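Going by our numbering, the first residue of the sequence shown is number 11, and it counts up by one from there.
These notes are about the structure you will find just below.
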Amino acid sequence: MIDQPIHPDASPIGDAPKPPIADRAAFQAELDRLRIREKAHTREGDAIAAARRRLPMVAVDPQTPLTGPKGPVPLIDLFDGRSQLIAYFHMWHPGRPAAQQCEGCTFNTSHVNELAYLHSRDVSYAVLSEGSYEESSRYRDFMGYTVPWYSVPQDSVDRLIAGRYFGILACYLRDGEQVYETYWTSGRGNEAMAPSYGLLDRTVYGRQEDWEDSPEGWPQRWGSKGGQFRSADGRPMAQQPRLQAGRDDDLGPLSDGRTRCTCPLHN
C-alpha cells in the first residue's frame, strides 16, 4: 500500500513528548510573538490572491461536451447561469473497487459540501471525473457527495486538461457565451479545499507527516505520497463512515467499451 504509515508501531499520541508547561502570561507572550508572523503570512496570502486576480485568462471551448446525470452537457451549462465556475478534476481508476480509488481526490472532494457561500458570490462548483459517468457516479453515491458531478469523455480531455493531469483545481469565467480559464493549481495548492489540514496545522502535533519541522520525538507516522490519506486497512479514510453506515462499495461492472485500470498503482 502506498506510503502506509512510515512508523506503524510508533507510540500513540498519548505517549508522545509534550511541550513545556508555562504560566498563562509566558504562554501568551510566546503566542503574541508568533501572531506577528501569522499576520504577516495572512497579509502575504492576501497579496498573492490580489496577484491571482490580475492574471490573464485563456479561452476554452464553451461547448466542450461533458456527461452528467441527464447525459451529454456542454461546459458552459455547468455555470448554471452564474458567471464563475470552480471545477475539481477527480482521478478515476476504471474497474477498481472503492477501496482502490484515488485517496487524494477522495480527501479533497470529501471536504466540499456547502455551496451556498460560493453561490452568493456568483460562483458554481462541480467535480469533473476522469472515466465514465456511469461508473464514477457510483462512487459519488457511495461517498454521499452532494455537489454536482460530471465525467469528462475522452474526446474532451485534451480541451480541458491541456497537457496537465486529473487532480487539478481550475477556475473559469463566463462572459456571455464565451468561457475562459483564469487559474489552476494542483498538489499542495489543492489544500484550499481541505480545512482538515488547516485545523491540524493549529494543533501541537500538526499533520504528523514526516516532512514537517517538529521537535524531536513528535509523532510523525505518515509520509506524503498518498498514504497520509488512507487508513490502516489501505482505504481512503473518508470511506470508513460510509462502510459503517452499511453502504456497499462494489461499484459494479465496467461501462461498455471501458477497460480495467492499468496504472502503476494497479498493474
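Idealized CB from N, CA, C, for every residue including glycine.
Keep in mind the model is a prediction, meaning the values are calculated, not measured.
Inset, instruction - Please say whether Ser-196 and Ile-171 have beta carbons closer to each other than 7 Å? - result: Taking 7 Å as the Cβ cut-off, Ile-171 and Ser-196 do not qualify as a contacting pair.
Legend entry - Backbone CA spacing between Leu-88 and Gln-164 [nearest angstrom]: The alpha-carbon atoms of Leu-88 and Gln-164 are separated by roughly 18 Å.
Legend entry - Where His-103 falls, given that 16 or more other Cβ within 10 Å makes a residue buried: Burial state of His-103 is buried, judged by a 10 Å Cβ sphere holding 16 or more other Cβ atoms.
Legend entry - Residues of its chain near Ala-69, where Cβ-Cβ distance is below 6 Å and the 5 sequence neighbours each way are ignored: Tyr-190
Inset, instruction - Using three-state DSSP, classify Ile-12 as helix, strand or coil. - result: With a pLDDT of 48 at Ile-12, under the threshold of 50, the modelled position of this residue cannot be trusted; read the value that follows with caution. Coil at Ile-12, not helix or strand.
Inset, instruction - For Glu-124, count neighbouring Cβ atoms within 10 angstroms of its own Cβ and tell me buried if that reaches 16, exposed if not. - result: Counting every other CB atom within 10 Å of its CB across the protein chains shown gives Glu-124 a total below 16, marking it as exposed.
Inset, instruction - Compare the beta carbon distance of Leu-95 and Ser-139 with 7 Å and say whether it is the shorter of the two. - result: Cβ atoms of Leu-95 and Ser-139: not closer than 7 Å.
Legend entry - Reference Ser-81, options Glu-144, Ala-61, Ala-26 and Glu-40, closest by Cα: For the sequence presented, residue 81 should be read as Gly rather than Ser. The option with the nearest alpha carbon to Gly-81 is Glu-144.
Legend entry - Counted within 10 angstroms of its Cβ, other Cβ atoms place Thr-156 as buried (16 or more) or exposed: exposed
Legend entry - Outcome for Glu-219 when other beta-carbon atoms lying within 10 angstroms are tallied against a minimum of 16: buried
Inset, instruction - Could you check which residue in Thr-192, Arg-150 and Leu-44 has the C-alpha nearest to that of Arg-64? - result: Comparing Cα-Cα distances from Arg-64 to each of Thr-192, Arg-150 and Leu-44, the minimum goes to Thr-192.
Legend entry - Element boundaries [beta strand (DSSP E), containing Pro-82]: 81-84
Legend entry - Given Arg-169 as reference, the closest of Leu-41, Leu-264, Ala-59 and Asp-71 once Cα atoms are compared: Asp-71
Legend entry - Contact between the stretch 25-44 and the stretch 213-231 (3+ Cβ pairs under 8 Å): Result yes; three or more Cβ-Cβ pairs closer than 8 Å.
Legend entry - alpha helix (DSSP H) segments (min. 4 residues) lying fully within the stretch 197-227: Segments of the alpha helix (DSSP H) lying fully in the stretch 197-227: 205-210.
Inset, instruction - For Ile-86, count neighbouring C-beta atoms within 10 Å of its own C-beta (all shown protein chains included) and say buried if the count is 16 or more, exposed if not. - result: buried
Legend entry - Residues of its chain near Pro-274, where Cβ-Cβ distance is below 7 Å and the 5 sequence neighbours each way are ignored: None.
Inset, instruction - Hey, could you find the ends of the beta strand (DSSP E) Ser-120 is sitting in? - result: No beta strand (DSSP E) contains Ser-120, which is instead part of the alpha helix (DSSP H) from 113-120.
Legend entry - C-alpha gap between Pro-107 and Ser-161, whole angstroms: 18 Å
Legend entry - Candidates Arg-212, Pro-251 and Asp-185, of which the one nearest Arg-45 by Cα: Its Cα nearest to that of Arg-45, the residue Arg-212 stands out among Arg-212, Pro-251 and Asp-185.
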